[in-house]
Every structure is written in structure tokens, then in C-alpha cells.
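So the structure is just underneath, and the comments pick up after that.
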Amino acid sequence: MSKVRLLVGTKKGAFILTADGKRKDWKVSGPHFAGWEMYHLKGSPADPNRIYASQTSGWFGQVIQRSDDGGKTWNTPDGVPAPTPADFGKGVSNKFVYEGEVGTHKWYDGTQHPWEFKRVWHIEPSLTDPDTAYAGVEDAAIFKTTDGGKTWKELPGLRKAKGNLWQPGAGGMAVHTILLDPKNEKRIYIAISAGGCFRTDDGGKTWKPITKGLKSQFELPDPDAEVGHCVHRIALHPSKPDVLFMQKHWDVLRTDNAGEQWSEVSGNLPTDFGFPIDVNFNEPETIYVVPITSDSLHYPPEGKLRVYRSKTGGGEWEPLTKGLPQKDCYVNVLRDAMAVDSLDQCGIYFGTTGGQVYGSADGGNSWNAIVRDLPAVYSVEVQTLP
Amino acid sequence: MIRVALPYHLRNLARVESEVELEVASPVTLGSVLDALEARYPVLRGTVRDHVTLKRRPFVRFFACKEDLSLEPAETRLPDAVVNGDEPFLIVGAMAGG
């Protein structure tokens with residue numbers, strides 16, 4: 001029987017939740033890296049035992065961790081689990097240095113400010129090679145490893161896509177989403193809060209903004225600007241990689257031509273502000289969002305935690321409430337904290353800033369709290385295992 | 387031997403349970419102790435000071451003999467009591483406040 005493994009990053013450590021294909025009885029492992037902010041963990045599609053993790057601290061900076069046994073043991077990728085300190089870590093795998101002239105981006109006061117590496121928000125392993133992965137970082141840039149995370153090199157072309165005009169929002173300026181096109185290995189999509197959405201068609205050498213159709217009248221002086229839109233999350237279905245769905249600061253949108261033109265599909269959502277968006281693994285036009293009251297009120301409307309599902313690729317939405325708190329609930333769901341498995345009956349998972357991880361084994365019709373009392377959840381990924 | 391006390395999270399990263407002891411050639415300075423620490427425990431590179439600029443991370447502090455040396459330049463000589471091993475050199479995570 002298939003199994004699922006949830007990789008949960010929280011404000012105070014990482015947790016691994018496992019269950020069989022029924023997804024009823026869960027085992028909880030953790031905290032791993034207790035006390036550290038675990039921004040993201042993700043397994044390699046090419047080797048599910050290979051998991052990359054971003055471990056960060058406001059005090060002590062960035063550490064990259066890697067497991068080669070499905071999360072049982074971990075080591076920095078530049079070392080081996082040896083007893084001697086010179087061998088178990090070389091202090092290289094956490095070295096993220098911008099390529100060439102560092103350059104500047106727009107600062108809060110309108111002046112130009114040098115790029116400064118702060119942390120890795122998201123790691124996206126290659127679809128085919130366990131040793132290759134991409135890291136989305138703050139200040140916004142994308143790095144690549146081809147040696148299993150031992151060393152990281154920036155793909156500097158991204159910051160040449162009008163990077164001097166990107167300006168951080170209150171939450172920081174980071175590459176938080178990286179989508180690899182399963183049908184075209186040269187094509188990658190990325191999204192940046194307060195930066196926008198970008199695409200490369202040459203494996204990361206050059207990038208272009210893909211923001212036509214986005215409108216940000218409350219966030220930008222020019223609502224139709226090419227860069228600067230606060231894209232919160234984008235998602236695609238592997239069978240239709242030219243179709244992207246977006247949760248923007250305000251508005252839910254879709255594109256059917258790889259980002260050349262976007263159109264709003266917020267439809268009857270109670271609010272179109274939110275963070276995560278994801279696509280049902282078995283139904284490419286079934287998508288999920290979690291509406292949040294507003295940019296000023298980061299909790300669900302009316303204290304009711306509702307996932308909204310559209311089976312029409314947006315436009316028409318239905319609330320999913322069974323098993324979710326419908327009163328006095330004031331948690332948020334962050335952008336990287338939703339994931340779907342690839343079982344026949346698609347499982348949907350999301351974590352909250354209140355430390356709950358909810359799961360649905362029936363496409364969202366009903367939900368259960370897998371755990372309730374973790375630290376604030378930053379990210380949720382799921383692996384479907386044989 | 388120079389005794390260096392690390393904060394909890396860095397002890398975990400370095401896989402040590404208490405103070406570490408380092409051989410550091412004279413003159414013993416702030417910078418030479420950090421160099422020796424990173425040479426002995428390379429996994430700590432980037433966690434106390436920046437990889438490239440070698441600037442102290444903003445929320446890391448250096449104390450010795452009841453003095454805050456955090457803002458002193460790297461070539462600052464450490465007190466004799468630290469050089470003699472009578473007192474530890476403290477690497478501290480700044481208080482979060484609250």
C-alpha cells in the first residue's frame with residue numbers, strides 16, 4: 001500500500017508526519033533542528049529518500065540540511081556523518097553569494113540598496129536529478145546546486161529582469177515559489193513577493209516578467225506595472241504546465257499560455273486575498289485557496305476556516321468546511337503551507353500559524369487535524385511513497 | 387588553550403556539549419580566535435560572521451571578562467585571563483527582548 005510523508009517546516013523546528021494510504025493514523029517525528037526556523041523541506045521526485053531542508057535563524061544565519069534516508073538522519077550536504085568536526089561540515093553548503101557585481105534594488109525610502117542574502121525560503125529539487133536543486137532566497141534571487149547541495153551558485157539573470165525596481169514589502173523580498181516545467185526542462189517559473197512573476201525558457205540564463213493582466217491598484221502607483229506585483233503563490237498541474245494559477249496579494253488569477261496573459265478568476269470567493277493555492281493531482285482544473293480577510297486582517301473571514309475549491313479552474317468556488325473550525329478561528333495559512341499528494345483519491349494538506357496541520361483524504365470534502373499544537377507552520381510538502 | 391563558550395544552537399551545530407578549547411597562536415585576537423574556531427569547526431562558518439565580509443552577524447555578541455567586545459575590530463587583543471584560559475571567550479546570541 002502507498003504511504004504519504006508530510007514534511008512540515010515550523011517556526012521552531014521541522015516535523016515529519018507519516019501515514020499509510022488511508023491517511024487516518026499518523027506518526028509524528030520531531031522536532032528536527034529544534035528551535036530553528038525551518039522555512040522549507042522538500043523531497044526529490046527522483047529519489048524520495050533525498051530531502052533538502054532550509055534551516056535558518058535570525059541570530060545564526062542559514063544552514064542547509066540534507067537527508068538521504070527519508071528524514072531519519074540529517075547532515076549538512078558538504079559533510080558526512082563523521083565524528084570529527086572537520087568532516088561533518090565544511091561550512092560551504094550555507095554559502096550563498098550573489099554573482100558578480102552585487103547591485104542594488106529599491107529600498108523603502110526609494111533609494112537604491114545593495115542586495116543582502118538573508119535566508120533560503122524555498123528549495124525546489126530537480127524533477128529528474130537528486131543532486132540538482134534550486135533555492136529561492138531573500139533578498140530575492142535564485143541559486144542552483146548540481147552537487148547535492150554542497151555548493152550553490154546564483155543564476156544572476158533573474159536580477160537583471162528589472163531587479164533595480166523591486167522593492168521589499170513588510171514581509172521581505174524573497175523568491176518564494178519555484179515551479180519546474182515537467183515537459184520542458186529549460187522552463188522555470190518563479191514568484192517574488194512585491195517583485196512579481198518571472199519565467200525563463202533557457203534554463204535560468206535569462207528571465208522575463210510575466211505579469212500582463214495583473215492589476216494591483218491598491219499596492220502599486222501603476223496598477224499594470226511590469227514588476228512589483230505582490231505575487232503570493234503560483235501553482236501548476238504537471239500535465240498542463242502552460243496553465244498557471246496565482247494567488248496574488250489581492251486577486252486569484254490564471255493563465256493558459258505560460259504567463260503571457262493572466263485573467264482574474266476570483267469569482268464568488270468571499271475575499272480574494274490569501275496566500276497558498278494548489279491544484280488537485282488528479283483533476284487539473286480543480287484548485288484550492290484559503291481566503292483570508294484582508295491585507296490588514298490576516299485571518300479567515302468571520303472566524304471560519306474555509307478552504308475554497310473550484311472544479312472549473314476558478315470563477316466558481318465552493319467552501320469546504322467539514323472538519324474545519326467554523327467559529328473563533330483566527331489563524332493564517334502561509335504561502336508554502338499547502339500541498340497535495342498523488343494518490344488516486346487526492347489528499348490535500350495545509351498548516352496554520354496556530355500550529356495545526358489539517359489533511360483531507362477525499363479531495364477536500366472533509367478534513368481532520370493531523371496535529372494541533374505545533375509551532376507556527378511555515379511550510380508543508382507531501383511525498384507519495386510506494 | 388583558549389576556552390570558547392558557544393550558544394546552544396551553535397553547540398548543536400558543532401556537536402559539542404560544553405566549552406570548546408582552541409590552540410591559538412600569539413597574539414591572540416578577536417579575529418584569530420574566530421579563525422581558529424572556524425578552522426576546527428568548519429560547520430560554524432557563516433553562523434557567527436559573514437562568509438565573505440567576515441563581519442559579525444548583527445545578533446551575535448562577543449563577551450570576555452565582563453566586557454562587550456562585539457564592536458571591537460578583529461585585531462583587538464583578548465584579555466590575558468582569556469589567553470591564559472582562566473576565563474572563557476563568550477559567543478552569545480543577543481537577547482530577543484519581549
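Chains A and B supply the protein sequences, listed in that same order.
Sequential numbering from 1 applies to the first sequence in the working numbering.
Sequential numbering from 387 applies to the second sequence in the working numbering.
We put the CB at the ideal spot given by N, CA and C, even for glycine.
Worksheet entry | Where Leu381 of chain B falls, given that 16 or more other Cβ within 10 Å makes a residue buried | The displayed coordinates of chain B run from 387 to 484. Any statement about residue 381 of chain B would go beyond what the structure contains.
Fill in: Burial state of Tyr427 of chain B (16 or more Cβ within 10 Å)
The residue labelled residue 427 of chain B in the question sits at position 41 within the second sequence. Tyr427 of chain B should be labelled buried.
Practice prompt. Note down, in chain order, every chain A residue with its Cβ under 7 Å from the Cβ of Phe445 of chain B.
Written response: Along the second sequence, one-based indexing puts residue 445 of chain B at 59. Under the 7 Å cutoff, chain A gives Gly58 and Trp59.
Discussion item. What does the alpha-carbon distance come out to for the pair Leu387 of chain A and Gly163 of chain A?
Written reply: Any property of residue 387 of chain A remains undetermined from this structure, which presents chain A solely from 1 to 386.
Practice prompt. Tell me the start and end of each unbroken alpha helix (DSSP H) in the segment 443-480 of chain B that is at least 4 residues and wholly inside, in chain order.
Written response: Within the segment 443-480 of chain B, complete alpha helix (DSSP H) segments of at least 4 residues are found at 466-469, given in chain order.
Discussion item. Considering only DSSP beta bridges, list what Phe198 of chain A is partnered with.
Written reply: Indexing the first sequence from 1 puts residue 198 of chain A at position 198. Its beta-bridge partners are A:Ile190 and A:Pro209.
Worksheet item: Hey, would you say Arg233 of chain A sits closer than 8 Å to Ala191 of chain A, going by beta carbons?
Response: Here the question's residue 233 of chain A lines up with position 233 in the first sequence. Here the question's residue 191 of chain A lines up with position 191 in the first sequence. Result yes, Cβ atoms of Arg233 of chain A and Ala191 of chain A sit closer than 8 Å.
Worksheet item: By Cβ distance below 8 Å, which residues in the same chain neighbour Ser263 of chain A in space, the five residues on each side in sequence not counted?
Response: Walking along the first sequence from the start, residue 263 of chain A turns up at place 263. Around Ser263 of chain A: Gly213, Leu253, Arg254 and Thr255.
Discussion item. Using a Cβ-Cβ cutoff of less than 7 Å, which residues in the same chain neighbour His298 of chain A once the five nearest sequence positions on both sides are dropped?
Written reply: Here the question's residue 298 of chain A lines up with position 298 in the first sequence. Taken in chain order, the residues that qualify are Ile292 and Asn332.
Worksheet item: Using DSSP with H/G/I as helix, E/B as strand and the rest coil, what is His395 of chain B?
Response: On the second sequence, position 9 is the one that residue 395 of chain B refers to. When DSSP states are grouped into helix, strand and coil, His395 of chain B belongs to the helix group.
Worksheet item: Nearest CA to the CA of Thr10 of chain A: which residue from A:Ile64, A:Val340 and A:Asp336?
Response: One-based indexing of the first sequence puts residue 10 of chain A at position 10. The candidate whose alpha carbon is nearest that of Thr10 of chain A is A:Asp336.
Worksheet item: Do the segment 411-425 of chain B and the segment 43-51 of chain A touch if we need at least three Cβ pairs shorter than 8 Å?
Response: no
Discussion item. I want to verify the contact list: residues of chain B whose CB lies under 9 Å from the CB of Gln62 of chain A, in sequence order.
Written reply: Walking along the first sequence from the start, residue 62 of chain A turns up at place 62. Residues of chain B passing the Cβ test: Gly432 and Thr433.
Worksheet item: Is there at least one Cβ from chain A nearer than 8 Å to Leu455 of chain B's Cβ?
Response: Walking along the second sequence from the start, residue 455 of chain B turns up at place 69. No, its Cβ sits nowhere closer than 8 Å to a Cβ of chain A.
Discussion item. Contact criterion: CB-CB distance below 8 Å. Does Gly479 of chain B meet it with respect to chain A?
Written reply: Locating residue 479 of chain B in the second sequence gives position 93, counting from the first residue. Yes, Gly479 of chain B counts as interfacial toward chain A.
Worksheet item: Taking Cβ to Cβ, would you say Gly359 of chain A is nearer than 8 Å to Gly347 of chain A?
Response: Position 359 of the first sequence, counting from 1, holds the residue named residue 359 of chain A. Position 347 of the first sequence, counting from 1, holds the residue named residue 347 of chain A. Contact: yes.
Item to complete: Name the two residues that bound the continuous alpha helix (DSSP H) containing Asp87 of chain A.
Response: Counting from one through the first sequence, the residue named residue 87 of chain A turns up at place 87. Its alpha helix (DSSP H) spans residues Pro85 to Phe88.
Item to complete: Report the neighbours of Ser94 of chain A on chain B: residues whose CB is nearer than 7 Å to its CB, in chain order.
Response: Counting from one through the first sequence, the residue named residue 94 of chain A turns up at place 94. Before going further, note that residue 94 of chain A is Asn rather than Ser in the sequence given. Residues of chain B whose Cβ lies closer than 7 Å to the Cβ of Asn94 of chain A are, in chain order, Gly432.
Item to complete: With a 10 Å radius around its C-beta and 16 neighbouring C-beta atoms as the bar for buried, classify Lys439 of chain A as buried or exposed.
Response: Outside the displayed range of chain A (1 to 386) lies residue 439 of chain A, so it cannot be described from this structure.
Fill in: Ordered list of alpha helix (DSSP H) runs contained in the segment 80-135 of chain A, each at least 4 residues
85-88
Fill in: Integer Cβ distance of Val434 of chain B from Ile388 of chain B, believed to fall under 8 Å
The residue labelled residue 434 of chain B in the question sits at position 48 within the second sequence. The residue labelled residue 388 of chain B in the question sits at position 2 within the second sequence. That belief does not hold up - the Cβ atoms of Val434 of chain B and Ile388 of chain B are roughly 15 Å apart, past 8 Å.
Worksheet item: So, using beta-carbon positions, are Asp259 of chain A and Arg199 of chain A closer together than 8 Å?
Response: Taking the first residue of the first sequence as position 1, residue 259 of chain A is located at position 259. Taking the first residue of the first sequence as position 1, residue 199 of chain A is located at position 199. For the sequence presented, residue 259 of chain A should be read as Gly rather than Asp. It is a contact, given that the beta carbons lie within the stated cut-off.
Worksheet item: Within 10 angstroms of its Cβ, does Asp109 of chain A collect 16 or more other Cβ (buried), or is it exposed?
Response: Here residue 109 of chain A is taken as the residue at index 109 of the first sequence, counted from 1. That one is exposed.
Discussion item. Please tell me whether Lys90 of chain A has its Cβ less than 8 Å away from any Cβ of chain B.
Written reply: The count along the first sequence starts at 1 and reaches residue 90 of chain A at position 90. Interface residue, yes.
Worksheet item: Between which two residues does the alpha helix (DSSP H) containing Ala425 of chain B stretch?
Response: As a working mapping, residue 425 of chain B is identified with position 39 in the second sequence. It spans Leu416 to Arg426 - the alpha helix (DSSP H) in which Ala425 of chain B sits, taken as one unbroken run.
Worksheet item: To which residues of the same chain is Asp68 of chain A closer than 7 Å at the C-beta, ignoring the five residues directly before and after it?
Response: Position 68 of the first sequence, counted from the first residue, corresponds to residue 68 of chain A. Contacts found: Asn49 and Arg50.
Item to complete: Inspect the beta-carbon positions of Cys197 of chain A and Ser216 of chain A and report whether they are closer than 8 Å.
Response: Against the first sequence, residue 197 of chain A aligns to sequence position 197. Against the first sequence, residue 216 of chain A aligns to sequence position 216. No. Outside cutoff.
Discussion item. Check this for me: beta carbons of Leu334 of chain A and Tyr308 of chain A, under 8 Å apart or not?
Written reply: Translated into the one-based positions of the first sequence, residue 334 of chain A becomes position 334. Translated into the one-based positions of the first sequence, residue 308 of chain A becomes position 308. Cβ atoms of Leu334 of chain A and Tyr308 of chain A: not closer than 8 Å.
Item to complete: Using a Cβ cut-off of 8 Å (strictly closer), state whether Trp152 of chain A contacts chain B.
Response: For the purposes of this step, residue 152 of chain A is identified with residue 152 of the first sequence, where counting begins at 1. Not an interface residue.
Worksheet item: Does the Cβ-Cβ distance between Val357 of chain A and Val371 of chain A come in under 8 Å?
Response: Locating residue 357 of chain A in the first sequence gives position 357, where the first residue counts as 1. Locating residue 371 of chain A in the first sequence gives position 371, where the first residue counts as 1. Val357 of chain A places its beta carbon less than 8 Å from that of Val371 of chain A.
Practice prompt. Have a look at Leu385 of chain A and Asp20 of chain A and give me their C-alpha separation to the nearest angstrom.
Written response: Indexing the first sequence from 1 puts residue 385 of chain A at position 385. Indexing the first sequence from 1 puts residue 20 of chain A at position 20. Those two C-alpha atoms are separated by around 9 Å.
Fill in: C-beta atoms of Pro85 of chain A and Arg401 of chain B nearer than 8 Å
In the first sequence, counting from the first residue as 1, residue 85 of chain A sits at position 85. In the second sequence, counting from the first residue as 1, residue 401 of chain B sits at position 15. The answer is yes: Cβ separation under 8 Å.
Worksheet item: Would a C-beta distance cut-off of 8 Å place Phe448 of chain B and Gly479 of chain B closer than the cut-off?
Response: On the second sequence, residue 448 of chain B is found 62 positions in, with the first residue counted as 1. On the second sequence, residue 479 of chain B is found 93 positions in, with the first residue counted as 1. For Phe448 of chain B and Gly479 of chain B, no; Cβs fall outside 8 Å.
Practice prompt. Below 8 Å CB to CB, which residues in the same chain sit around Gln112 of chain A once its five sequence neighbours on both sides are set aside?
Written response: Against the first sequence, residue 112 of chain A aligns to sequence position 112. Counting only Cβ-Cβ distances below 8 Å, and skipping sequence neighbours, we find Thr104, His105, Lys106 and Asn164.
Item to complete: For Phe96 of chain A, count neighbouring C-beta atoms within 10 Å of its own C-beta (all shown protein chains included) and say buried if the count is 16 or more, exposed if not.
Response: Within the first sequence, numbered from 1, the residue matching residue 96 of chain A stands at position 96. With a 10 Å radius around the Cβ and a threshold of 16 neighbouring Cβ atoms, Phe96 of chain A comes out buried.
Fill in: Pairwise C-alpha distance: Thr462 of chain B and Val468 of chain B
Counted from its first residue, the second sequence places residue 468 of chain B at position 82. Counted from its first residue, the second sequence places residue 462 of chain B at position 76. Answer to the nearest angstrom: the Cα atoms are 13 Å apart.
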